[in-house]
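Engineer: Protein chains in written order, with full-length UniProt numbering: chain A, 1 to 376; chain B, 1 to 376.
I am attaching a structure below and will ask some questions about it afterwards.
Number of protein chains: 2
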Amino acid sequence: MPAQPHPESASRAEVDEADKADKGDEAGKDKPGGARGVATAHGGSIAAVARRAGVSVATVSRVLNGHANVRPATRARVLAEVESSGYRVNELARNLRTAESRLLLTMVPDFGNPFYAEIVRGIDSVARRAGYFMLLCDTGADAGRERSYFDLLRRHRADGAICLDPATVQQANRMMADESQALPWVACCEFDPAVGVPYVGIDNFRAARDAVRHLIASGRRRIALINSDDHYLYAQQRRDGYLAALAEAGIEMRDAWRVNVNCLDYEAGAQAAAALMRLSREAAPDAIFAVSDTLAVGVLNGLRGARSRVPEDVAVVGFDDIALAAQVDPPLTTVAQPMRELGETAARLLLRRLADPQAQVPGVLLPHRLVIRQSA
Amino acid sequence: MPAQPHPESASRAEVDEADKADKGDEAGKDKPGGARGVATAHGGSIAAVARRAGVSVATVSRVLNGHANVRPATRARVLAEVESSGYRVNELARNLRTAESRLLLTMVPDFGNPFYAEIVRGIDSVARRAGYFMLLCDTGADAGRERSYFDLLRRHRADGAICLDPATVQQANRMMADESQALPWVACCEFDPAVGVPYVGIDNFRAARDAVRHLIASGRRRIALINSDDHYLYAQQRRDGYLAALAEAGIEMRDAWRVNVNCLDYEAGAQAAAALMRLSREAAPDAIFAVSDTLAVGVLNGLRGARSRVPEDVAVVGFDDIALAAQVDPPLTTVAQPMRELGETAARLLLRRLADPQAQVPGVLLPHRLVIRQSA
DNA sequence: CTGAAAGCGCTAACAT
DNA sequence: ATGTTAGCGCTTTCAG
Numbered sequence: 001m002p003a004q005p006h007p008e009s010a011s012r013a014e015v016d017e018a019d020k021a022d023k024g025d026e027a028g029k030d031k032p033g034g035a036r037g038v039a040t041a042h043g044g045s046i047a048a049v050a051r052r053a054g055v056s057v058a059t060v061s062r063v064l065n066g067h068a069n070v071r072p073a074t075r076a077r078v079l080a081e082v083e084s085s086g087y088r089v090n091e092l093a094r095n096l097r098t099a100e101s102r103l104l105l106t107m108v109p110d111f112g113n114p115f116y117a118e119i120v121r122g123i124d125s126v127a128r129r130a131g132y133f134m135l136l137c138d139t140g141a142d143a144g145r146e147r148s149y150f151d152l153l154r155r156h157r158a159d160g161a162i163c164l165d166p167a168t169v170q171q172a173n174r175m176m177a178d179e180s181q182a183l184p185w186v187a188c189c190e191f192d193p194a195v196g197v198p199y200v201g202i203d204n205f206r207a208a209r210d211a212v213r214h215l216i217a218s219g220r221r222r223i224a225l226i227n228s229d230d231h232y233l234y235a236q237q238r239r240d241g242y243l244a245a246l247a248e249a250g251i252e253m254r255d256a257w258r259v260n261v262n263c264l265d266y267e268a269g270a271q272a273a274a275a276l277m278r279l280s281r282e283a284a285p286d287a288i289f290a291v292s293d294t295l296a297v298g299v300l301n302g303l304r305g306a307r308s309r310v311p312e313d314v315a316v317v318g319f320d321d322i323a324l325a326a327q328v329d330p331p332l333t334t335v336a337q338p339m340r341e342l343g344e345t346a347a348r349l350l351l352r353r354l355a356d357p358q359a360q361v362p363g364v365l366l367p368h369r370l371v372i373r374q375s376a
Numbered sequence: 001m002p003a004q005p006h007p008e009s010a011s012r013a014e015v016d017e018a019d020k021a022d023k024g025d026e027a028g029k030d031k032p033g034g035a036r037g038v039a040t041a042h043g044g045s046i047a048a049v050a051r052r053a054g055v056s057v058a059t060v061s062r063v064l065n066g067h068a069n070v071r072p073a074t075r076a077r078v079l080a081e082v083e084s085s086g087y088r089v090n091e092l093a094r095n096l097r098t099a100e101s102r103l104l105l106t107m108v109p110d111f112g113n114p115f116y117a118e119i120v121r122g123i124d125s126v127a128r129r130a131g132y133f134m135l136l137c138d139t140g141a142d143a144g145r146e147r148s149y150f151d152l153l154r155r156h157r158a159d160g161a162i163c164l165d166p167a168t169v170q171q172a173n174r175m176m177a178d179e180s181q182a183l184p185w186v187a188c189c190e191f192d193p194a195v196g197v198p199y200v201g202i203d204n205f206r207a208a209r210d211a212v213r214h215l216i217a218s219g220r221r222r223i224a225l226i227n228s229d230d231h232y233l234y235a236q237q238r239r240d241g242y243l244a245a246l247a248e249a250g251i252e253m254r255d256a257w258r259v260n261v262n263c264l265d266y267e268a269g270a271q272a273a274a275a276l277m278r279l280s281r282e283a284a285p286d287a288i289f290a291v292s293d294t295l296a297v298g299v300l301n302g303l304r305g306a307r308s309r310v311p312e313d314v315a316v317v318g319f320d321d322i323a324l325a326a327q328v329d330p331p332l333t334t335v336a337q338p339m340r341e342l343g344e345t346a347a348r349l350l351l352r353r354l355a356d357p358q359a360q361v362p363g364v365l366l367p368h369r370l371v372i373r374q375s376a
């Protein structure tokens with residue numbers, strides 16, 4: 001199989017299949033000093049292949065990497081030897097030599113959340129086509145840690161990074177005001193255009209405003225907002241969109257209707273909804289806008305527990321449009337984010353940055369869309 | 001910070017923080033031949049640190065790796081230099097030298113599925129404590145590909161692998177009958193005890209039988225099974241458990257009640273349920289056992305569309321007990337799998353194998369549990 | 001307790 | 001078109 005044809009792909013010849021065991025190796029000559037065979041696995045080295053094929057290591061390397069200047073006959077001979085010996089390139093060595101890990105780091109606050117899972121898929125798909133693999137870090141897994149994930153870049157563990165975690169994005173923006181721009185990373189979903197780090201996301205202000213406008217248009221006046229931590233930029237933007245919609249309709253906003261949660265899981269949504277419905281009859285909301293579908297699904301459950309009907313008593317609007325949104329009862333009206341594209345775009349921006357460190361990579365805003373189902 | 005105290009952890013001194021830029025580097029001497037500075041990033045090399053600290057590279061290495069034989073004063077001097085220069089070890093070089101990538105490959109059929117997401121978390125948590133990072137591959141992403149993911153092991157891209165994908169597990173068991181036992185990997189959830197590859201999972205036969213027994217105990221007689229591809233071992237085992245429960249109760253099994261789907265998402269469950277309810281009144285089931293909660297959630301939706309009440313008209317039992325199971329309406333009765341532990345155990349087995357390649361790593365079966373909620 | 005030096009396996013000059 | 005060879009940056013003998 002020759003070099004991969006895909007435009008973005010690294011031009012390395014893939015050495016697939018051929019599962020036979022290796023023939024005699026250089027068998028530890030036991031020279032004095034240095035590590036003996038510590039790194040030598042079953043496959044043999046490129047030198048062993050070269051010797052058996054009767055060519056130099058350079059030629060084997062050229063064949064392996066799909067370089068042009070190799071006579072077909074020679075190439076065939078090398079390939080045959082590779083095939084029969086089951087040789088596999090040692091990427092550890094290749095990586096050191098080329099000074100790249102061909103790994104992309106993806107930092108997620110919680111990949112149990114389907115929203116992030118879908119974005120990660122988008123990242124993975126374009127990364128792989130470009131010959132990169134994905135190092136996945138659940139930043140929520142050890143929240144207490146001081147350690148910076150960006151150190152993984154400095155230590156050459158990954159060539160670039162995509163950060164989906166708002167907390168980590170903010171920490172990065174703060175802690176390395178200048179250096180963060182030097183490190184090859186892009187922010188996804190949470191971003192600060194002012195900082196100069198490439199990003200991709202949506203217009204959270206408008207998206208939230210659209211959602212609340214919809215609620216208002218359908219006659220709701222007592223609209224609650226279940227938001228994530230106001231510390232995050234996207235949370236602030238969505239809150240402002242909510243406030244703007246209320247203001248333009250001349251609707252009063254009550255503090256009791258604004259609740260912040262520090263976790264976006266179902267349980268948090270259910271509890272927030274339950275708390276909201278414990279307000280006195282005249283203070284209880286007739287609509288709830290949750291900034292995440294997982295939260296909204298929990299809200300549906302909390303409302304059920306409070307014996308409130310949706311949408312009759314309380315209308316519910318979610319955010320993201322994860323697959324689950326269409327399955328719950330009632331199906332969720334929600335603000336769709338192009339999750340897949342968010343991930344793909346993030347990866348492409350990063351790849352562009354890696355291909356040309358000088359490149360001026362832009363920030364991009366993708367369109368959102370209000371999906372009206374039956375919960376509002 | 002000295003060597004990490006954690007029992008499983010690699011004893012490498014962590015070099016955190018210190019974000020200042022590096023001082024003057026060796027500055028490409030431009031010797032003839034060889035690559036000049038191609039791999040030299042901002043941080044400077046260990047040699048530069050050694051020179052500036054007035055010690056040898058060996059000493060710096062010893063300090064960095066928390067070795068004992070270094071005079072406190074020397075250690076302090078090195079640490080100070082590391083700190084002030086913002087030096088970071090180049091793991092590419094370290095990896096080549098030590099012949100390990102310190103990466104664990106995790107193969108998942110679909111990490112959009114919360115079941116797998118939770119297992120992956122379990123893996124990640126123990127892997128990280130042991131100083132490994134996780135390379136995540138969504139095997140469903142490029143299903144058509146012939147390429148073997150196990151090649152990543154042979155190419156030293158990862159030190160070991162955990163496979164959660166039934167298709168890939170079977171392919172591995174088939175394609176490399178002997179070699180698969182040599183490669184450091186463990187099967188999770190889908191496994192064949194006969195093959196000799198370490199594994200962790202549950203007793204699928206018993207779990208399914210328990211679920212169906214529960215249905216029978218609550219008076220159901222017309223029990224449908226929505227299973228995944230019968231090609232998979234776990235699917236066969238669950239089917240057999242279903243059949244056994246039916247047989248021991250002397251209940252007839254109808255072919256029309258057995259449906260196989262090749263995808264475990266909500267939509268597949270909804271469609272399967274809809275199809276089941278299109279059967280004539282006397283042929284329609286009064287209970288549905290779905291082998292995955294995602295399927296079961298879809299079933300709930302499909303049943304709603306068919307105007308069947310749950311559990312009055314049709315009882316539903318799912319499998320896995322993902323967080324969502326408790327949120328839907330009605331809350332799902334399901335067979336709980338210890339997802340987190342499944343992942344943690346898989347990682348521990350693999351780690352044990354890596355620590356001692358000769359070690360006889362066992363197969364382990366974790367307990368399941370029937371969680372009765374309101375759907376059945 | 002410290003230093004000198006040998007490579008790990010590979011890629012890419014540079015020569016032929 | 002092919003071979004020779006110099007390192008990539010690190011860890012680890014082995015000597016002192």
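Positions of the beta carbon are idealized from the N, C-alpha and C atoms, including for glycine.
Model, not experiment: these values are computed from the prediction.
Cβ closer than 8 angstroms: which chain A residues qualify as neighbours of Phe111(B)?
Structural biologist: Phe111, Ala117, Val120, Arg121
Engineer: Just to confirm, are Cys188(B) and Ile226(B) a CB contact at a threshold of 9 angstroms?
Structural biologist: no
Engineer: For Ser292(B), count neighbouring Cβ atoms within 10 angstroms of its own Cβ and tell me buried if that reaches 16, exposed if not.
Structural biologist: The Cβ neighbour count for Ser292(B), taken over all protein chains shown within 10 Å, is at least 16; the residue is labelled buried.
Engineer: Roughly how many angstroms lie between the CA atoms of Gly34(A) and Glu91(B), to the nearest whole one?
Structural biologist: In this prediction, Gly34(A) has a pLDDT of 35, which is less than 50 and means its spatial position is unreliable; nothing more can be read from the coordinates.
Engineer: Just how far apart, CA to CA, sit Leu152(A) and Arg352(A)?
Structural biologist: Rounded to whole angstroms, Leu152(A) and Arg352(A) show a C-alpha spacing of 20 angstroms.
Engineer: Counting only beta-carbon atoms, is Leu92(B) nearer than 9 angstroms to chain A?
Structural biologist: yes
Engineer: Can you name the residues that DSSP bridges to Phe191(A)?
Structural biologist: According to DSSP, Phe191(A) bridges with nothing at all.
Engineer: In the DSSP assignment, the beta strand (DSSP E) including Asn227(B) goes from what residue to what residue?
Structural biologist: 223 to 227
Engineer: In whole angstroms, give me the CA-to-CA distance for Gly54(B) and Arg88(B).
Structural biologist: 18 angstroms
Engineer: With C-beta atoms as the reference, is Ala274(B) less than 9 angstroms away from Gly305(B)?
Structural biologist: Cβ distance < 9 angstroms, so Ala274(B) and Gly305(B) count as in contact.
Engineer: On the premise that Leu324(A) lies in contact with Tyr116(B), defined as a C-beta separation below 8 angstroms, what is that separation, rounded to the nearest angstrom?
Structural biologist: In fact, because the Cβ distance is near 15 angstroms, the residues do not count as touching under 8 angstroms.
Engineer: Arg304(A) touches chain B at which residues, Cβ-Cβ below 9 angstroms?
Structural biologist: Asp329
Engineer: Determine whether the beta carbon atoms of Asp320(B) and Thr345(B) lie at a separation below 9 angstroms.
Structural biologist: no
Engineer: Comparing alpha-carbon positions, which option in Gly302(B), Ala48(B), Thr334(B) lies nearest Ala326(A)?
Structural biologist: It is Gly302(B) whose Cα lies nearest to the Cα of Ala326(A).
Engineer: Would you verify that the beta carbon of Pro114(B) is, or is not, closer than 9 angstroms to some beta carbon of chain A?
Structural biologist: Taking Cβ atoms only, chain A reaches closer than 9 angstroms to Pro114(B), which makes this a yes.
Engineer: At a CB-CB cut-off below 9 angstroms, which residues of chain B make contact with Tyr266(A)?
Structural biologist: What Tyr266(A) touches in chain B: Ala323, Leu324, Ala326, Gln327.
Engineer: Going along chain B in order, which residues have a C-beta closer than 8 angstroms to the C-beta of Arg348(A)?
Structural biologist: The contacting residues do not exist; Arg348(A) stays about 16 angstroms from chain B at best.
Engineer: From Asp313(A) to Ala376(B), what distance separates their C-alpha atoms?
Structural biologist: 28 angstroms
Engineer: What residues of chain B sit near Gly298(A), judged by a beta carbon separation below 8 angstroms?
Structural biologist: Gln327
Engineer: Label Ile322(A) either buried or exposed according to how many other C-beta atoms from any shown protein chain fall within 10 Å of its C-beta, with 16 as the threshold for buried.
Structural biologist: Under this definition Ile322(A) is a buried residue.
Engineer: Identify the continuous beta strand (DSSP E) that holds Tyr199(B) and give its terminal residues.
Structural biologist: 199 to 202
Engineer: Answer yes or no: does any C-beta atom of chain A fall closer than 9 angstroms to that of Asn69(B)?
Structural biologist: no
Engineer: If contact means a Cβ-Cβ distance below 7 angstroms, which residues of the UniProt domain "HTH lacI-type" (45 to 98) of chain B contact chain A?
Structural biologist: Arg88, Val89, Asn90, Glu91, Leu92, Ala93, Asn95, Leu96
Engineer: Measure from the C-beta of His156(B) to each C-beta in chain A and report whether the shortest distance is under 9 angstroms.
Structural biologist: yes
Engineer: What does the alpha-carbon distance come out to for the pair Asn262(A) and Ser228(A)?
Structural biologist: 6 angstroms
Engineer: Taking Leu279(B) as part of the beta strand (DSSP E), name the residues at either end of that continuous run.
Structural biologist: Premise fails: Leu279(B) is in no beta strand (DSSP E) and is neither H nor E.
Engineer: I need the boundaries of the beta strand (DSSP E) containing Leu289(A), first residue and last residue.
Structural biologist: According to the sequence displayed, residue 289(A) carries Phe and not Leu. Note, Phe289(A): beta strand (DSSP E), 287 to 290.
Engineer: Please name the residue or residues paired with Leu366(B) in a DSSP beta bridge.
Structural biologist: Ile202(B)
Engineer: Cα separation between Gly28(A) and Leu354(B)?
Structural biologist: For Gly28(A), the predicted structure reports a pLDDT of 34, less than 50, and the residue's modelled location is therefore unreliable. A value from the coordinates is still provided. The C-alpha of Gly28(A) lies about 22 angstroms from the C-alpha of Leu354(B).
Engineer: Is Leu136(A) close to chain B, meaning its C-beta is less than 9 angstroms from at least one C-beta of that chain?
Structural biologist: yes
Engineer: Bridge partners for Arg258(A) per DSSP, in chain order?
Structural biologist: Paired residues: Leu225(A).
Engineer: Let me confirm a value: Pro32(B) is counted as buried when at least 16 other C-beta atoms fall within 10 Å, else exposed. Which label applies?
Structural biologist: Confidence at Pro32(B) is low in this model, with a pLDDT of 34, below 50, so its placement is unreliable and no value can be given for it.
Engineer: Are Phe133(B) and Phe111(A) closer than 9 angstroms when you measure CB to CB?
Structural biologist: no
Engineer: When you compare the CB of Ala272(A) with every CB in chain B, is at least one pair closer than 9 angstroms?
Structural biologist: So, not an interface residue.
Engineer: If you measure between the beta carbons of Leu136(B) and Asp124(A), is that distance less than 9 angstroms?
Structural biologist: yes
Engineer: Per DSSP, which one or two residues make a beta bridge with Ile162(A)?
Structural biologist: Thr106(A), Val186(A)
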